[in-house]
Amino acid sequence: MLFLGEFEHTIDTKNRLAIPAELRDVLDEATHGSAFVAAPGSNGTLWLWPERTFAELASKLGGTLLGEEELVAFDQAIFSQSARCTIDSAGRVRLPERLLGKFGLSGSVMVLGVRDHLELVPPDAWREKQAALPSDGDVWRRARAALAERSKREDR
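Residue numbers (my numbering): 185 to 340.
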């Protein structure tokens, strides 16, 4: 499953966001669950993960009972701020007020399909980020270089 595209949608007065139909169509309840997990993303935006994808990623981190200090801090910071958001019959999720406030989201938002998760970004912030992005060719080159560096680290 891949989430792709960008969609401008509105968070209503009850803090509900309609997940774009094109993105809902790639979800399979048996595989992905019947909810999203809203969590702080690594880039300062609010991320929505299909609940089972989030659970799989979380389980790969291992337990924290005797965990490494960095992982314990990560668990505390991320999981305490995360929320399970069920998908209603109209394809909407209700987002917690605390997360909307933290990420400056209200009214119109951009819903970005980013591979295995969704990102919610204020439209003006998204337009500014797009304007500042390097050319497509540069983005590809940087990604290839980052993958090559990762491969070198894994080979050590």
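Where a beta carbon is used, it is the ideal one built from N, C-alpha and C, also for glycine.
- Message: Let's see if you can read the secondary structure: which residues bound the beta strand (DSSP E) around Ala274?
- Response: Position 90 of the sequence shown, counting from 1, holds the residue named residue 274. That residue, Ala274, is in no beta strand (DSSP E); it is neither H nor E in DSSP.
- Put Phe287 into one of helix, strand or coil per three-state DSSP. Residue mapping note: residue 287 aligns to position 103 of the sequence shown, counting from 1. In the structure shown, the three-state DSSP call for Phe287 is coil.
- How is the beta strand (DSSP E) around Ile262 delimited, first residue to last? Sequence index remark: in the sequence shown, residue 262 carries index 78 (1-based). No beta strand (DSSP E) holds Ile262; the alpha helix (DSSP H) holding it covers 253-263.
- Proximity winner among Gly246, Asp272, Gly228, Phe220, relative to Phe238 (alpha-carbon distances): What you label residue 238 is simply residue 54 of the sequence shown in a count that begins at 1. Checked all of Gly246, Asp272, Gly228, Phe220; the closest Cα to Phe238 is Phe220.
- Beta-carbon proximity of Ile195 to Leu186, cut-off 8 Å: The residue labelled residue 195 in the question sits at position 11 within the sequence shown. The residue labelled residue 186 in the question sits at position 2 within the sequence shown. Note that the C-beta distance between Ile195 and Leu186 is not below 8 Å.
- Run through DSSP, which three-state label would Ser292 get? For the purposes of this step, residue 292 is identified with residue 108 of the sequence shown, where counting begins at 1. Secondary structure of Ser292 (DSSP, three-state): strand.
- Task: Throw me the rounded Cβ distance for the Val293 and Pro204 pair, which I believe falls under 8 Å.
- Result: Looking up residue 293 in the sequence shown gives position 109. Looking up residue 204 in the sequence shown gives position 20. Between Pro204 and Val293 the Cβ distance is about 11 Å, and since that is not below 8 Å, they are no contact.
- Item | Cβ-based neighbour list, Ala330, same chain, cut-off 7 Å, excluding 5 preceding and 5 following | Residue mapping note: residue 330 aligns to position 146 of the sequence shown, counting from 1. For Ala330, where only same-chain residues beyond five positions count, there are no Cβ hits under 7 Å.
- With distances taken Cα to Cα, identify the nearest neighbour of Arg276 among Arg326, Leu232, Leu188. In the sequence shown, counting from the first residue as 1, residue 276 sits at position 92. Distances from the alpha-carbon of Arg276 to those of Arg326, Leu232, Leu188 put Leu232 closest.
- Task: Could you pull out every residue in the same chain whose Cβ sits closer than 8 Å to the Cβ of Leu245, ignoring the five residues on either side in sequence?
- Result: Here residue 245 is taken as the residue at index 61 of the sequence shown, counted from 1. The residues are Leu255, Phe258, Asp259.
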